[in-house]
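Here is the structure we will look at.
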Amino acid sequence: MMVTQCKDWQAWLDKMPPKPDELHVTGDVMVSNPGVQPTLTMRVPQGINPAILMLDLHLVQQPGVWPQVMTCTPARFDRVMPPGASDYTSVEIYSDREQIAQIDVSIVE
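Residue numbers (the working numbering): 1124 to 1232.
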């Protein structure tokens, strides 16, 4: 399934106490029916720049009969940052090996 439209991407690193820090990425994805669930996973392999997180967007059709109507569905990725990990400054999102979004990471302190 090809991604046709995505919007409102946001990425933030929550550094508020207590530890650990948490990274969050959210956005809205236009899908072909309400039974399609967008999921974000870490891309393998990651790129050479450790400050850029690379994610793959997958569209997973849930079982059942769904009306064929375009629907805007939220996608979300959450990661607890390992101790000592460097902070991300940017997130790149890919679908079918093509970059569909680049988001600057905001820091919440």
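The beta-carbon is built from N, C-alpha and C at its ideal position, and this holds for glycine as well.
- Could you spell out the range, first to last residue, of the beta strand (DSSP E) harbouring Ala1134? Numbered from 1 along the sequence shown, position 11 holds the residue referred to as residue 1134. Note, Ala1134: beta strand (DSSP E), 1128-1137.
- Query: Shortest alpha-carbon distance to Ser1229 belongs to which of Thr1194, Gln1185, Asp1144?
  - Reply: Residue numbering aside, residue 1229 sits at position 106 when the sequence shown is read from its first letter. Comparing Cα positions, the closest option is Asp1144.
- Message: For Val1188, count the other beta carbons within 10 Å of its own beta carbon; 16 or more makes it buried, fewer makes it exposed. Which is it?
- Response: Here the question's residue 1188 lines up with position 65 in the sequence shown. With fewer than 16 Cβ atoms within 10 Å of its Cβ, Val1188 is classed as exposed.
- Task: Please check the pair Pro1216 and Leu1182, which I expect to be a contact at CB under 8 Å, by giving their CB distance rounded to whole angstroms.
- Result: Position 93 of the sequence shown, counting from 1, holds the residue named residue 1216. Position 59 of the sequence shown, counting from 1, holds the residue named residue 1182. A quick correction: the sequence has Ile, not Pro, at residue 1216. Actually they do not touch by this definition, with Cβ atoms about 13 Å apart.
- For Arg1202: DSSP bridge partner residues: Residue numbering aside, residue 1202 sits at position 79 when the sequence shown is read from its first letter. Note: Arg1202 sits in a beta bridge opposite Leu1146.
- Query: For Phe1200, which residues of its own chain have a beta-carbon under 7 Å away from its beta-carbon, when the five flanking residues on both sides are left out?
  - Reply: As a working mapping, residue 1200 is identified with position 77 in the sequence shown. Closer than 7 Å at Cβ, skipping near neighbours: Val1148, Leu1163, Leu1178.
- Item | Other residues of its chain near Ala1134: CB distance less than 6 Å, five sequence neighbours each side excluded | Taking the sequence shown and counting its residues from 1, the one referred to as residue 1134 is at position 11. Once the five neighbours on either side are set aside, the close Cβ partners of Ala1134 are Val1148, Val1214, Ile1226, Val1228.
- If you compare alpha carbons, which of Gln1185, Thr1196, Pro1206 is closest to Lys1130? As a first step, residue 1130 must be located in the sequence shown, where it is residue number 7. Among Gln1185, Thr1196, Pro1206, the Cα nearest to that of Lys1130 is on Thr1196.
- Query: For Thr1162, which beta-bridge partners are listed by DSSP?
  - Reply: The sequence position of residue 1162 within the sequence shown is 39, counting from 1. Paired residue(s): His1181.
- Message: Taking the alpha-carbon of Gln1128 as reference, which of Val1152, Pro1168, Lys1138 has the nearest alpha-carbon?
- Response: Numbered from its first residue, the sequence shown carries residue 1128 at position 5. Residue Val1152 is the option with its Cα nearest to Gln1128.
- Task: Let me know the secondary structure DSSP gives Asp1227 once reduced to three states.
- Result: Residue numbering aside, residue 1227 sits at position 104 when the sequence shown is read from its first letter. Note: Asp1227 maps to strand in three-state DSSP.
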